[in-house]
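Novice:
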Amino acid sequence: GNSVTQMEGPVTLSEEAFLTINCTYTATGYPSLFWYVQYPGEGLQLLLKATKADDKGSNKGFEATYRKETTSFHLEKGSVQVSDSAVYFCALSGGGTASKLTFGTGTRLQVTL
Amino acid sequence: EPEVTQTPSHQVTQMGQEVILRCVPISNHLYFYWYRQILGQKVEFLVSFYNNEISEKSEIFDDQFSVERPDGSNFTLKIRSTKLEDSAMYFCASTGWENTEAFFGQGTRLTVV
Chain A
9 GNSVTQMEGP VTLSEEAFLT INCTYTATGY PSLFWYVQYP GEGLQLLLKA
59 TKADDKGSNK GFEATYRKET TSFHLEKGSV QVSDSAVYFC ALSGGGTASK
109 LTFGTGTRLQ VTL
Chain B
22 EPEVTQTPSH QVTQMGQEVI LRCVPISNHL YFYWYRQILG QKVEFLVSFY
72 NNEISEKSEI FDDQFSVERP DGSNFTLKIR STKLEDSAMY FCASTGWENT
122 EAFFGQGTRL TVV
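Here is the structure:
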């Protein structure tokens with residue numbers, strides 16, 4: 009079945025530091041890949057997505073590239089802010105009718121001044 | 022911007038009681054989902070619903086669970102006889118006809134005592 013593996017957290021960075029959160033996946037076929045963010049006390053928000061190999065998703069300074077050869081979708085940001093503190097979930101969707109999301113375990117990011 | 026709304030935001034119930042969690046998906050969406058997140062753990066798929074029937078369900082979604090779309094706008098999750106281990110955040114999600122991006126509600130925190 010499908011699965012997503014994310015790097016363990018928490019990740020603690022100083023403001024303006026470079027962020028990488030690793031994500032690798034196992035899936036049959038051609039999944040779509042997503043990063044969701046969960047701010048404290050809130051629900052899940054889609055951060056970015058990529059639907060085919062070599063696509064780059066980007067939003068709010070975050071980027072991730074769909075790498076089929078390494079089955080990865082690592083999240084990066086060049087300069088994090090305190091407001092980026094949240095839990096980040098990598099997820100995949102297998103496609104097709106009513107396709108469910110399979111989530112990774114989530115990575116907590118704490119950004120300090 | 023359209024959004025998925027869930028009620029209540031927090032529900033406390035006694036073990037063995039029935040609970041109904043309510044969701045109003047985005048109005049023109051076709052696919053509906055329930056997920057849960059036990060505190061500190063990953064988001065897990067429960068069930069997907071399309072064209073007024075269950076499309077897929079996980080092993081978590083046993084006979085104690087049921088879903089319904091009673092009136093064309095609401096989408097409910099019923100747990101017939103709650104157990105302590107049902108305590109979790111429950112998220113409703115919906116997707117449109119392209120089924121490429123799931124929009125999540127803010128969640129209902131269920132506490133079984």
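Read top to bottom, the protein sequences are chains A and B. Letter by letter, the first sequence follows residues 9 to 121 of the working numbering. Letter by letter, the second sequence follows residues 22 to 134 of the working numbering. Don't be surprised by glycine CBs; every beta carbon is placed ideally from N, CA and C. Note that the structure is a prediction, hence the values are computed from the model and not measured.
#1: Would you mind sorting B:Pro-46 into buried or exposed? The rule is 16 or more other CB atoms within 10 Å of its CB.
#2: Between which two residues does the beta strand (DSSP E) containing B:Ile-47 stretch?
#3: Measure from the C-beta of B:Ser-87 to each C-beta in chain A and report whether the shortest distance is under 7 angstroms.
#4: In this structure, how does DSSP classify B:Val-64 when only helix, strand and coil are distinguished?
#5: Would you report the Cα separation of B:Tyr-56 and B:His-50, rounded to the nearest angstrom?
#6: By the DSSP assignment, the beta strand (DSSP E) with B:Gln-38 in it spans what residues?
#7: Which stretch, first to last residue, makes up the beta strand (DSSP E) that contains A:Phe-81?
#8: Is the Cβ of A:Leu-83 closer than 7 angstroms to any Cβ of chain B?
#9: Which residues in chain A sit within 7 angstroms of B:Gly-122, going by Cβ to Cβ distance?
#10: Tell me the DSSP bridge mates of B:Ser-108?
#11: When you compare only the Cα positions, how much space is there between A:Thr-20 and A:Gln-118?
Specialist: Taking the structure as given:
#1: buried
#2: Bounds of any beta strand (DSSP E) do not take in B:Ile-47, whose DSSP letter is neither H nor E.
#3: no
#4: strand
#5: 17 angstroms
#6: First-last for B:Gln-38: undefined, no H or E at that position.
#7: Neither: A:Phe-81 is in no beta strand (DSSP E) and is coded neither H nor E.
#8: no
#9: First, the amino acid is wrong: residue 122 of chain B is Glu here, not Gly. Chain A residues near B:Glu-122: Leu-54 and Lys-57.
#10: DSSP output for B:Ser-108 lists no bridge partner at all.
#11: 5 angstroms
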